[in-house]
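Below is one structure, written out as structure tokens; the observations come after it.
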Amino acid sequence: MKCAVFPGSFDPITLGHLDILERSIPLFDEIIIGVGTNSEKKYMFPLNKRMAFIEETFSEYKSISVVKYQGLTIEFCKKVQANFIIRGLRNPADFEFEKAIAHTNRKLSGIETVFLL
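In short: position in the sequence shown from 1, add 8, done, that's the working numbering.
Here you go:
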């Protein structure tokens with residue numbers, strides 16, 4: 009089974025996030041939207057609202073679930089037994105930043121990162 013995590017703060021969820029998720033649905037059996045929390049970050053919307061926005065948007069999709077998490081994304085992936093991380097790329101700078109993280113994640117855990125433009 010192909011299980012992927014799409015991590016982010018989603019503060020708020022954007023059309024770009026929605027596009028990435030909609031295009032990811034046919035690629036994976038299960039997608040877990042990991043709504044990250046960081047006590048040092050100021051958010052526009054509280055966690056429960058961010059999760060509610062996403063749950064409402066994707067309520068008709070059985071393959072999508074929304075889960076909050078704190079800490080390293082790779083540890084969250086291991087906890088939920090995801091084999092993939094989904095990342096959206098907007099520009100070359102995003103790719104350079106994400107490439108290093110993806111390489112480290114693959115080396116340490118075998119979890120692959122799938123980039124969508």
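We treat Cβ as the ideally placed atom computed from N, Cα and C, and that holds for glycine.
The structure displayed is predicted, hence computed values, not measured ones.
Relative to the alpha-carbon of residue 45, which residue among 63, 101 and 75 has its alpha-carbon at the smallest distance?
To locate residue 45, count along the sequence shown from 1; it is residue 37. The shortest Cα separation from residue 45 among 63, 101 and 75 belongs to 75.
Within 10 angstroms of the Cβ of residue 32, are there 16 or more other Cβ atoms? Answer buried if so, exposed if not.
The sequence position of residue 32 within the sequence shown is 24, counting from 1. Burial call: buried.
Distance between residue 105 and residue 96 (C-alpha atoms, nearest Å)
Translated into positions along the sequence shown, residue 96 becomes position 88. Translated into positions along the sequence shown, residue 105 becomes position 97. Residue 96 and residue 105: Cα-Cα distance of roughly 12 Å.
Can you list, in chain order, the stretches of the beta strand (DSSP E) that have 3 or more residues and sit fully within the stretch 33-79?
38-45 and 72-78
Grab me the residues of residue 38's own chain with a C-beta within less than 6 Å of its C-beta, minus the 5 sequence neighbours each way, in chain order.
Against the sequence shown, residue 38 aligns to sequence position 30. 11 and 71, listed in sequence order.
Per DSSP, what are the beta-bridge partners of residue 11 in this structure?
For the purposes of this step, residue 11 is identified with residue 3 of the sequence shown, where counting begins at 1. Beta-bridge pairing links residue 11 to 38.
To the nearest angstrom, how far is the alpha carbon of residue 47 from that of residue 62?
Within the sequence shown, numbered from 1, the residue matching residue 47 stands at position 39. Within the sequence shown, numbered from 1, the residue matching residue 62 stands at position 54. Approximately 21 Å between the Cα atoms of the pair.
Output the distance between the C-alpha atoms of residue 82 and residue 124, rounded to the nearest integer angstrom.
Taking the first residue of the sequence shown as 1, we reach residue 82 at position 74. Taking the first residue of the sequence shown as 1, we reach residue 124 at position 116. Approximately 19 Å, taken between the alpha carbons.
Check the DSSP bridge columns for residue 120 and list the partner residues they point to.
In the sequence shown, the residue the question calls residue 120 occupies position 112. For residue 120, which the question treats as bridged, DSSP gives the partners 92.
Buried or exposed: which applies to residue 90, given that a residue is buried once 16 or more other Cβ atoms fall within 10 Å of its Cβ?
Taking the first residue of the sequence shown as position 1, residue 90 is located at position 82. Classification of residue 90: buried, given that the 10 Å Cβ count is 16 or more.
Opposing strand residues paired with residue 16 [DSSP bridges]:
For the purposes of this step, residue 16 is taken as residue 8 along the sequence shown, with counting starting at 1. Note: residue 16 sits in a beta bridge opposite 43.
If you compare alpha carbons, which of 101, 9, 92 and 28 is closest to residue 110?
Locating residue 110 in the sequence shown gives position 102, counting from the first residue. The shortest Cα separation from residue 110 among 101, 9, 92 and 28 belongs to 92.
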